[in-house]
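Chains as they are written, first to last, in this note's numbering: chain A, 1 to 304; chain B, 1001 to 1208.
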C-alpha cells in the first residue's frame, strides 16, 4: 500500500503527541542522574518535581510544560518520496492544528503587528520549517517544540577572528549568567561558529537536536563542548536558580567554515523540558520513531 | 540553603501567616489561586482605576503568573491540561501596585522578581514563591477544578484570568519574603562573582 496524504497527517499527529507529552530518553536519564547525585536540598526538590512532572505528563498524556513552544522542523525529504514537499508541509500543519484544537498544545502563534493569537499554532512562517533534499525515497522529520522562556539567553556575537575563541568562551558564560533562572535550567546549550549571523544562529539551534552525552565527532569540537559544560556547571545557578551542580545538562557545539574576516558566534539554550524527536517514514506508509521517549505502557511509563 | 521548612497554607491567608515565612521555605497551598499574566494585570488595574469592582475579591488569595493549556469537556466544564508558571519579571513594572490594590498574599511564578515588588511585599505583607518552571503537567494535577474564568473572549486562553481551586499546590519555594529578603538577587550576585573566576579558568585553557 502506498502512503496517502491522510495517512501522513495521522502519522504526524501521533508523532506530535509523542514529542509534546513524552520526554526524550536522554533528557529523562540526565535529569534522573542529576536528582540522584545533587546534594543541595532545594535544588533536589526542583529535580524531584521535574521527574514527577515527566511521569504525570506521560501517564495522563498531558504536555510536559504548558508552554508547548514554537514548532521547529528540520525535514529531510528523499527525491523519490511519493508526497511532494508542499503536501508534506500541509499534512504537518493539519496535524498541528488538530493537536492544538484537542488541547495537547497551547496556541502560541501571535501576530506581532496586530497582537492577535492565531489560535492554532500556525501563522506567518510558523511552523518554522527547514527542508533539505536528500537522495532516496524516505522522509525524515526532526521536530522540536521550542519553549519561549529558554530563548532568553540567545546571543549573537560578531567577533573578530583573532579574538574568536576568547569571545566564544566569555560569551557563553555571560549569556548563561545574564539569564540566570529564566530559561528553566538545567539547560542544554547550543553554540556555533560560522561566517554569518543567520548561519550560526541556525546551527546553534539545530545542534540542540543532538542527544545529551554524545560528543561532536571532531576532537577539537568535542573538547570545546566538554570545557564549556564543566565551566557552566561551576557557576552554581542550578535548577531554577536554586544552586547546586547542574546548571547545564550538556553543551552542543557546531561549526561551519567562516569567512576570513568574520567569526560569528551563535548561542541558544533549551530548557530542561527539551522536547524533540525524529521519525522516518517510508513510501509504503511504514514508519519508525527514531528517538525513544518516556511513554505509557498499560498503567506504567517506560522508555520506548 | 539548609534543609527547608515546610508550610501548608489555606486561603484566605493572613498577614500573621505571611510574617512567619522566610526565603527558602517550602509552601503547599490549598484553596484559591487566580492567574494573571501581562494583559490581565493591566486589565485588573484599569478596572480598579475606574473605581469598578473586580469580578473576584483577591484579598488573602494567591496570584499565579500562568498561561494554562485548558480544554472544554463535553459537559461544558474546563479541564486544566498543563499549568506551570511563566516568567514573573515581565510583571515587575506593575506588581507593586497590584499587590497594594488587590491584597493578594502570595505571588507564584518563576524566575524571581525585582526590588519594587520586594519593597511592596514588605510593606503590604506578601511573599513571592517559585513553582518549578516547566512542570506544567505536575501543576495541573494539583488543580482540582476551574471555578471561573474572566475576560476569556477579550484576552484569549493564556492571558485570561482563571480561578483555580487547588489542593496542596507545590512545592513552592519562597524567594521573596515580607522581611525584604530577595533570594535570587543574593544568589545571582554570588553567581556573577563566581563567573569571573570561571571565565579566567576557561581562557587559561585556550592559551596552551
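Beta carbons are placed, not taken as given, at the ideal position from N, Cα and C, and that holds for glycine.
All values reported here derive from a predicted model rather than from experimental measurement.
Within 8 Å, strictly: CB atoms of residue 106(A) and residue 1069(B): Remark: C-beta atoms of residue 106(A) and residue 1069(B) approach each other more closely than 8 Å.
Residues bridged to residue 130(A) (per DSSP): Per DSSP, the beta bridge partners of residue 130(A) are 74(A).
Under 7 Å from the C-beta of residue 1141(B): neighbouring residues of chain A: Near residue 1141(B) (Cβ distances below 7 Å), the residues of chain A are 56.
CB contact flag (residue 1087(B), residue 235(A), <8 Å): One thing to note: residue 1087(B) has its Cβ no nearer than 8 Å to the Cβ of residue 235(A).
Contact check, residue 1191(B) vs residue 180(A), beta carbons under 8 Å: Cβ atoms of residue 1191(B) and residue 180(A): closer than 8 Å.
Beta bridge counterpart(s) of residue 327(A) as assigned by DSSP: The structure shown does not extend to residue 327(A), since chain A is modelled only from 1 through 304, so no value can be given for it.
Within 9 Å of chain A by C-beta, residues of the stretch 1152-1182 of chain B in sequence order: Within the stretch 1152-1182 of chain B, those residues whose Cβ lies closer than 9 Å to any Cβ of chain A are, in chain order, 1156, 1157, 1158, 1159, 1170, 1171, 1173, 1175.
Cα-Cα separation between residue 99(A) and residue 1080(B), rounded to whole angstroms: Distance between the alpha carbons of residue 99(A) and residue 1080(B) is about 16 Å.
Residues sharing a beta bridge with residue 1008(B), DSSP: The secondary-structure analysis by DSSP pairs residue 1008(B) across a beta bridge with 1028(B).
Nearest-angstrom Cα separation, counted from residue 1076(B) out to residue 1001(B): Summary for residue 1001(B): the model assigns pLDDT 48, below 50, so the residue's position carries little reliability; its value from the coordinates is reported in the next sentence. Distance between the alpha carbons of residue 1001(B) and residue 1076(B): 46 Å.
For residue 199(A), three-class secondary structure by DSSP: Per DSSP, reduced to three states, the secondary structure at residue 199(A) is helical.
Residues near residue 1037(B) in its chain [Cβ-Cβ closer than 8 Å; skip 5 each side]: Contacts found: 1065, 1066, 1067, 1086, 1090, 1091, 1158, 1159.
Touching by the beta-carbon criterion (3+ pairs, under 8 Å), the stretch 1035-1053 of chain B and the stretch 1179-1188 of chain B: Segments in contact, no.
Counted within 10 angstroms of its Cβ, other Cβ atoms place residue 255(A) as buried (16 or more) or exposed: Buried, by the Cβ-count rule.
Contact list for residue 1191(B) against chain A, beta-carbon separation under 8 Å: Chain A residues near residue 1191(B): 177, 180, 235, 236, 237.
Every unbroken alpha helix (DSSP H) within the stretch 73-103 of chain A, with a cutoff of 4 residues, ordered by chain: Runs of the alpha helix (DSSP H) inside the stretch 73-103 of chain A: 85-101.
Minimum C-alpha distance to residue 208(A) - residue among 268(A), 62(A), 278(A): Comparing alpha carbon positions, the residue from 268(A), 62(A), 278(A) closest to residue 208(A) is 268(A).
Within the stretch 150-195 of chain A, ranges of the beta strand (DSSP E) (whole runs, at least 3 residues): Every beta strand (DSSP E) of 3 residues or more that sits fully in the stretch 150-195 of chain A is shown, in chain order, as 155-159, 187-194.
Three-state class that DSSP yields for residue 304(A) in the structure shown: In this structure, residue 304(A) counts as coil in the three-state DSSP scheme.
Residue-chain proximity (residue 1076(B), chain A), Cβ-Cβ < 8 Å: It does not: the Cβ of residue 1076(B) has no partner Cβ on chain A nearer than 8 Å.
Beta-carbon neighbours of residue 1068(B), restricted to chain A and to distances below 7 Å: Listed along the chain, the chain A residues whose CB falls inside 7 Å of the CB of residue 1068(B) are 66.
Between the CA atoms of residue 1113(B) and residue 1093(B) - distance to the nearest angstrom: Pairing residue 1093(B) with residue 1113(B), the inter-Cα distance amounts to about 10 Å.
Residues bridged to residue 1078(B) [DSSP beta-bridge criterion]: Answer by DSSP bridge pairing, in chain order: 1072(B).
CB-CB length for residue 176(A) against residue 232(A), believed under 8 Å: Your pair residue 176(A) and residue 232(A) checks out as a contact, with CB atoms roughly 6 Å apart and the cut at 8 Å.
Other residues of its chain near residue 2(A): CB distance less than 8 Å, five sequence neighbours each side excluded: Only residues of its own chain outside the window of five on either side were considered, and among them 82, 283, 284, 285 have a CB closer than 8 Å to the CB of residue 2(A), listed in chain order.
Contact with chain B by residue 227(A), beta-carbon distance below 8 Å: Chain B has a Cβ within less than 8 Å of the Cβ of residue 227(A).
Residue burial classification, residue 1049(B) (beta-carbon count within 10 angstroms, cutoff 16): Residue 1049(B) comes out exposed.
Range covered by the alpha helix (DSSP H) that runs through residue 27(A): The continuous alpha helix (DSSP H) containing residue 27(A) extends over residues 25-37.
Per DSSP, cross-strand counterpart(s) of residue 124(A): Paired residue(s): none; residue 124(A) is not in a bridge.
Three CB pairs or more closer than 8 Å across the stretch 1195-1203 of chain B and the stretch 1101-1113 of chain B: No: fewer than three Cβ pairs fall under 8 Å.
Nearest candidate by alpha-carbon position, reference residue 57(A), set 1006(B), 1184(B), 1139(B): It is 1139(B).
Interface partners of residue 45(A) on chain B, CB under 9 Å: Result: 1004, 1026, 1132, 1171, 1173.
Contact belief for residue 147(A) with residue 43(A) at Cβ below 8 Å, rounded distance in angstroms: Wrong, their Cβ atoms sit about 20 Å apart, outside the cutoff.
Exposure label - residue 1006(B); buried when at least 16 CB within 10 Å: Looking at its Cβ environment, which holds fewer than 16 other Cβ atoms inside 10 Å, residue 1006(B) is exposed.
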